[in-house]
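What follows is a short report on a single structure.
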Amino acid sequence: MTRELALTQPFDLELSLTMGQAFRWRPLGDGRFSGVLGENLIHIRQIEGGVEYRVGGPDGERDGSDSDDGLLRRYFREDDDVTAIYNDLSRDPVVARLVAQYPGMRVLRQEPWECLVAYTCSRRNTIARIAHNIEAIASLSQRTVKLGDDVRCVFPTAAQIVRAGEGALKDLRLGLNRPGNVFKAANQVCIGALNLDALAEVKVPCNEAIRTLEDCPGIGPKIANCVAMMSLDKLDAFPVDIWILRALERWQYQNRGCQMPRNTMSPNDHRRIASWAQLYFGKYAGCAGQYLFHGIKPNK
DNA sequence: GGCCAGGTATAGC
DNA sequence: GCTATACATGGC
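Here the first sequence is numbered in our numbering, starting from 1298 and rising by one per residue.
Encoded structure:
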């Protein structure tokens, strides 16, 4: 059964799903996208005034419900005041231009654990290969969800990854992300040393969440900021990668107070730039960063 | 082959 | 603190 969901604010489904923040959406070729959200396999496309979607679970397609609507609204951050965010971001002329050019590019609210693993795989990697890595890791759950002919794997819990073992991860060829990193992170979550849901609470400030994440082996400032922004509701987090550095340089942000790193970027350089960005772009600095990332990346 | 891709940990100063 | 370097894998 196809279900319609009204979305009243600026929204570009394809751009939001494919710009490189989330890695489990595949085009089905007819304007629809297939993706796994928790225990649900979603087929979705944009229509006038919102989206229409179908949903499947372990036993195949089922009727959508109000709670599925809620799941999608939450994922798309429909609860944000998008126009207010855009107005706030438009204090900067470059971001203002990008917002006008790409309206409706939302920051998706991803699952923290999956987001952490995905960005742990992002070191010196390409978006296509991160997606490939994530699908490989998903297969470790051995739990499928179905919708018609489409069969996908649920993303494994930290406990399932620990159970699968370090050797299973090694076989997946995760590149610079040593298998040990994902495995160690899974262990930290398993034993409760890293409680991602607690970090998502409003009372936990961005910088505190980031500090906690950085205590985890294999997680540095870039990944910590990504996880905070895209899964822990800290829209002021500001991940700095080589594309953001290029954007800051290309659009001359040195002239707006940004202190660029001299050579290779140290954790202190990252903290300095993130602090500047939070002052300069404001409380939605992460959204500004997402626009800079999209604006600077080739092959759009 | 050489270079690059959403970085991080480590060892040397 | 800062800097250089190793790290794993695949595409162009």
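Each residue gets a CB set at the ideal place from its N, CA and C atoms; glycine is no exception.
Every value quoted in this text rests on a predicted model; they were computed, and no experiment measured them.
- Taking 8 Å as the upper bound for CB-CB distance, V1348 and R1359 are not in contact here, some 18 Å apart.
- DSSP lists L1444 as the beta-bridge partner residues of D1447.
- Linking T1315 to S1331 through their CA atoms gives a straight-line distance of about 12 Å.
- Remark: C-beta atoms of I1458 and W1540 do not approach each other more closely than 8 Å.
- Straight-line spacing of the CA atoms in K1580 and D1533 works out to 5 Å.
- In terms of Cβ geometry, V1499 and V1333 do not form a close pair [threshold 8 Å].
- Taken in chain order, the complete alpha helix (DSSP H) segments of 4 or more residues contained in the region 1404-1441 are 1409-1417 and 1424-1435.
- A residue is called buried when at least 16 other Cβ atoms come within 10 angstroms of its Cβ; R1321 meets this threshold and is buried.
- S1528 and E1408 do touch by the CB rule: their CB atoms are close to 6 Å apart, below 8 Å.
- The DSSP-derived three-state label of I1382 is helix.
- Across the set I1344, L1338 and A1303, the C-alpha of I1344 shows the shortest separation from the C-alpha of E1311.
- Measuring C-alpha to C-alpha distances from W1410 to each of V1448, E1505 and L1510 identifies L1510 as the nearest.
- Under the three-state reduction of DSSP output, Q1398 falls in the helix class.
- Between the region 1398-1408 and the region 1370-1377, the count of C-beta pairs closer than 8 Å reaches three or more; the two stretches touch.
- Closest in C-alpha terms to E1463, from the list A1319, D1385, I1520 and P1476, comes P1476.
- Scanning P1355, C1487 and A1455 for the CA closest to the CA of K1443 turns up P1355.
- For P1595, the number of other beta carbons within 10 angstroms of its own is below 16, and it is reported as exposed.
- The residue among D1566, K1467, I1341 and V1479 with its C-alpha nearest the C-alpha of G1515 is V1479.
- The Cβ atoms of L1576 and A1544 lie no closer than 8 Å to each other.
- Contact check for L1304 against Y1350 fails: the beta carbons are separated by 8 Å or more.
- Per DSSP, the beta-bridge partners of I1339 are G1332 and V1352.
- Annotation for L1314: the continuous alpha helix (DSSP H) segment containing it runs L1310 to T1315.
- Ranked by Cα distance from D1512, the first of V1537, P1558, A1482 and D1494 is A1482.
- Taking G1401 as the centre and dropping the five residues before and after it, the same chain places the C-beta of P1307, F1308 and D1309 closer than 6 Å to its C-beta, in chain order.
- When the five nearest sequence neighbours on each side are left out, the beta carbons in the same chain lying within less than 6 Å of the beta carbon of A1435 are those of C1450 and F1452, in order along the chain.
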